[in-house]
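The structure under discussion appears below in the form of structure tokens.
In our numbering, the protein residues as written are 663 to 923.
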């Protein structure tokens with residue numbers, strides 16, 4: 663099969679395109695023909711060799727995979743060859759107390775596809791069959807491949823942790839990013855009023871287009887002061903903050919009493 667691999671850490675120049683042996687699905691796995699694969703910051707960090715993210719070489723990156731199932735390992739009964747799938751990129755044991763409680767991110771064997779295990783920058787990838795989710799047919803391959811990691815992150819932040827509710831005022835800092843734009847849409851799905859921040863006119867327009875009620879240019883405006891003005895001086899109920907630096911201080915200052923960050 664064709665694949666993009668790397669054998670040493672560095673910039674984009676370490677990536678090479680060529681032939682690799684195709685994987686075979688083991689028991690409990692599915693072999694997926696990749697139709698599209700997203701690009702995440704995690705790919706860049708793994709390629710750079712950040713501490714704790716050093717895979718065995720050569721390695722294939724790629725977290726967000728969509729495609730068609732072409733083969734099944736032993737014991738897989740709930741999937742069929744030819745089925746379209748969106749792959750959940752998070753990997754866990756599925757049986758420990760954390761996994762049984764729905765906290766798979768706390769599993770001792772937690773990982774992400776493409777971090778240590780070969781990912782989707784290839785024609786074929788073997789994944790746990792349990793990670794093969796139904797494909798959203800209304801989306802193109804490319805759009806569907808932009809969904810998994812960022813929307814799962816946003817969902818965990820807003821729904822699992824912040825427990826967003828209808829009527830909440832939600833401030834999304836950095837709404838032009840993948841996680842930020844996903845968080846904006848998740849908050850709207852739950853009936854929240856969304857205030858988005860971004861640093862360019864293009865990203866501010868995008869935030870308003872996909873559902874933000876108000877937008878703040880965080881490169882020019884005082885985010886906390888503007889957020890409080892938009893909420894009658896109350897402050898926001900929830901802040902989604904994944905940028906860091908000075909934005910963290912703004913996030914804390916924008917929160918209402920008993921707000922969730």
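Heads up, the beta-carbon is just placed ideally off N, CA and C, and yes, glycines get one too. Model, not experiment: these values are computed from the prediction.
State the beta-bridge partners of residue i as determined by DSSP.
| i | result |
| --- | --- |
| residue 679 | 666 |
| residue 876 | 857 |
| residue 752 | 774 |
| residue 721 | 668 |
| residue 831 | 855 |
| residue 729 | 696, 747 |
| residue 734 | 692 |
Can you have a look at residue i and say buried or exposed, based on whether 16 or more other CB atoms are within 10 angstroms of its CB?
| i | result |
| --- | --- |
| residue 710 | exposed |
| residue 871 | exposed |
| residue 757 | exposed |
| residue 742 | exposed |
| residue 921 | buried |
| residue 914 | exposed |
| residue 754 | buried |
| residue 843 | buried |
| residue 679 | exposed |
| residue 868 | buried |
| residue 713 | exposed |
Start and end of the beta strand (DSSP E) containing residue i?
| i | result |
| --- | --- |
| residue 790 | 786 to 790 |
| residue 918 | 917 to 922 |
| residue 688 | Segment: none, residue 688 is in no beta strand (DSSP E) and carries neither H nor E. |
| residue 903 | 898 to 903 |
How is the alpha helix (DSSP H) around residue i delimited, first residue to last?
| i | result |
| --- | --- |
| residue 708 | 703 to 710 |
| residue 794 | Not the alpha helix (DSSP H): residue 794 falls in the beta strand (DSSP E), residues 794 to 796. |
| residue 804 | 803 to 806 |
| residue 892 | 885 to 892 |
| residue 870 | 863 to 871 |
| residue 812 | 810 to 817 |
| residue 762 | 759 to 762 |
Less than 6 Å between C-beta atoms, sequence neighbours within five positions excluded: which residues of the same chain meet that for residue i?
| i | result |
| --- | --- |
| residue 670 | 676 |
| residue 824 | 900, 922 |
Spatial neighbours of residue i within its chain, please: C-beta separation below 7 Å, excluding the five flanking residues on both sides.
| i | result |
| --- | --- |
| residue 873 | 846, 847, 850, 856 |
| residue 853 | 828, 829 |
| residue 826 | 820, 832, 849, 852, 854, 900 |
Who are the near neighbours of residue i in its chain, counting only those whose CB is closer than 8 Å to its CB and skipping five residues on each side?
| i | result |
| --- | --- |
| residue 786 | 663, 684, 685, 693, 694, 695, 696, 732 |
| residue 747 | 692, 694, 728, 729, 730, 731, 741, 794, 795, 796, 797 |
| residue 918 | 831, 893, 896, 897, 898, 899 |
Could one say the Cβ of residue i lies closer than 8 Å to chain B's Cβ atoms, at least one of them?
| i | result |
| --- | --- |
| residue 873 | Among the protein chains of the structure shown there is no chain B, as only one such chain exists. |
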